[in-house]
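Residue numbering for the sequence shown follows our numbering, beginning at 3 and increasing consecutively. From the three backbone atoms N, C-alpha and C, an ideal C-beta is built for every residue, glycine too.
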Amino acid sequence: MSRTVYVNGQYVPESEASISVFDRGFLFADGIYEVTAVLNGRLMDFEGHVARLHRSLNELNMHLTLNDNALRDIHRQLIEKNDLQEGLVYLQVTRGVADRDFAYPDASTPVTLVAFTQQKAIIDSPLAERGLRVISLPDMRWGRRDIKTVQLLYPSMAKMEAKKRGADDAWLVESGLVTEASSSNAWIVDHDNTLITRELSRSLLHGITRRAVMQLARQHDMKVEERGFTIKEAQNAREAFVTSATSLVYPVISIDQRSVGDGTPGDIAKALRRLYIEAGLSVSSSEAEQGA
Ligand code: PMP
Numbered sequence: 003m004s005r006t007v008y009v010n011g012q013y014v015p016e017s018e019a020s021i022s023v024f025d026r027g028f029l030f031a032d033g034i035y036e037v038t039a040v041l042n043g044r045l046m047d048f049e050g051h052v053a054r055l056h057r058s059l060n061e062l063n064m065h066l067t068l069n070d071n072a073l074r075d076i077h078r079q080l081i082e083k084n085d086l087q088e089g090l091v092y093l094q095v096t097r098g099v100a101d102r103d104f105a106y107p108d109a110s111t112p113v114t115l116v117a118f119t120q121q122k123a124i125i126d127s128p129l130a131e132r133g134l135r136v137i138s139l140p141d142m143r144w145g146r147r148d149i150k151t152v153q154l155l156y157p158s159m160a161k162m163e164a165k166k167r168g169a170d171d172a173w174l175v176e177s178g179l180v181t182e183a184s185s186s187n188a189w190i191v192d193h194d195n196t197l198i199t200r201e202l203s204r205s206l207l208h209g210i211t212r213r214a215v216m217q218l219a220r221q222h223d224m225k226v227e228e229r230g231f232t233i234k235e236a237q238n239a240r241e242a243f244v245t246s247a248t249s250l251v252y253p254v255i256s257i258d259q260r261s262v263g264d265g266t267p268g269d270i271a272k273a274l275r276r277l278y279i280e281a282g283l284s285v286s287s288s289e290a291e292q293g294a
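Put into structure tokens, the structure is as follows:
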């Protein structure tokens, strides 16, 4: 089925959508993005994703003239036009079109804004059932991983290396400590049932799902510690898992071929996944009641 996508103010069939070869997103990876999950036709944690979008824009001195209501409207229209029940909305903003030059173009150059939907089974996910096998790799990305840029080549290479070695994903390690996974935040659960995930800094993306899961955990009287951990500590942990908008919570069952816990998805990861889905669906239905 051909999708309807959004390009610079217009909704067009995907086959008719185009951007310039001089777009700085294409030439310099000079762009940022957000991915918001859709459950039951409703957006999950949209406010968090828009807040992070603004943060990324500010850090890179990009100016978006659309306000948050307009952004929400684009998301909703895409969901409606594509009859999306479950999946995601991808939104990308680049510094626009200009002659190729390392220096930024004039600030009056309009940004490029592209958005599209993608269908994905998020709730009934085979990977959530089975759990992920991950490998560790050195974190070779740049030093501003807190900005959600479209510069995703190293994470792609890491994912391919993981697949080549028969695993599902890679956890990235810097100075002996795990920063995050190739496209999600990394967590472990110690033998006192404390949840541990790395503290926020420029070394990792400030995950919206990380924050939501942390809140849920605290609401349910679970202890959360924000600190780095080694691969060895993770291998010896009771459980391990990852969080991201479209995986929600995926248990991790092995790291570098060593089983974590008994090598099956852990109870805490499964419970957090269930709680997050329930919270998302209840927000979704209250939004629906308000006709939002
Ligand atoms: N870290 C990285 C490197 C990511 O690419 C992502 C997802 N895009 C995340 C963490 C998770 O962030 P979020 O929960 O906001 O999807």
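Exercise. Do T232 and L206 have their C-beta atoms closer together than 8 Å?
Worked result: no
Problem set entry | Start and end residues, alpha helix (DSSP H) containing F48 | 48–61
Exercise. Helix, strand or coil: how does DSSP classify L73 here?
Worked result: helix
Problem set entry | Assumed close pair D126, V175 - CB separation to whole angstroms, cut-off 8 Å | About 32 Å; that fails the 8 Å criterion.
Exercise. Should R212 be counted as a contact of the ligand PMP given a C-beta to heavy atom distance under 7 Å?
Worked result: yes
For this session: Going by CA-CA distance only, name the one from L55, L155, V9 that's closest to T119.
Result: V9
Exercise. Any chance the CB of V91 is under 7 Å from a heavy atom of the ligand PMP?
Worked result: no
Exercise. Does the Cβ of P15 have 16 or more other Cβ atoms within 10 Å, making it buried, or fewer, making it exposed?
Worked result: exposed
Exercise. Whose C-beta lies closer than 6 Å to the C-beta of R26 among residues of the same chain, with five residues either side of it excluded?
Worked result: D32, T96, R97
For this session: Return the chain-ordered list of same chain residues with a C-beta closer than 6 Å to the C-beta of A242, the five sequence neighbours on each side being excluded.
Result: I190, A236, V254, V262
Exercise. Between G178 and the rest of its own chain, which residues show a CB-CB distance below 7 Å, the 5 nearest in sequence each way excluded?
Worked result: T232
Problem set entry | Cβ-based burial, Q292 [other Cβ within 10 Å; buried from 16] | At Q292, the pLDDT of 47 sits below 50, so the modelled position is not reliable; the number obtained from the coordinates is stated separately. Its Cβ having fewer than 16 others within 10 Å, Q292 is exposed.
Problem set entry | Cβ-based burial, F104 [other Cβ within 10 Å; buried from 16] | exposed
Problem set entry | For S246: DSSP bridge partner residues | L250
Problem set entry | Three-state class that DSSP yields for G282 in the structure shown | helix
For this session: Can you give me the Cβ contacts of G265 inside the same chain, cut-off strictly under 8 Å, excluding the 5 residues immediately before and after it?
Result: I255, S256
For this session: Within 10 angstroms of the Cβ of M64, are there 16 or more other Cβ atoms? Answer buried if so, exposed if not.
Result: buried
Exercise. Can you list, in chain order, the stretches of the alpha helix (DSSP H) that have 4 or more residues and sit fully within the region 95–174?
Worked result: 128–132, 155–166
Exercise. Can Y35 and Y92 be called in contact, C-beta distance under 8 Å?
Worked result: yes
Problem set entry | Straight-line gap, T211 to L202 (C-alpha atoms, nearest Å) | 13 Å
For this session: Indicate, with yes or no, if the ligand PMP has a heavy atom lying under 7 Å from the CB of T151.
Result: no
Problem set entry | Of the listed residues A239, S246, D194, K234, nearest to M216 (C-alpha basis) | S246
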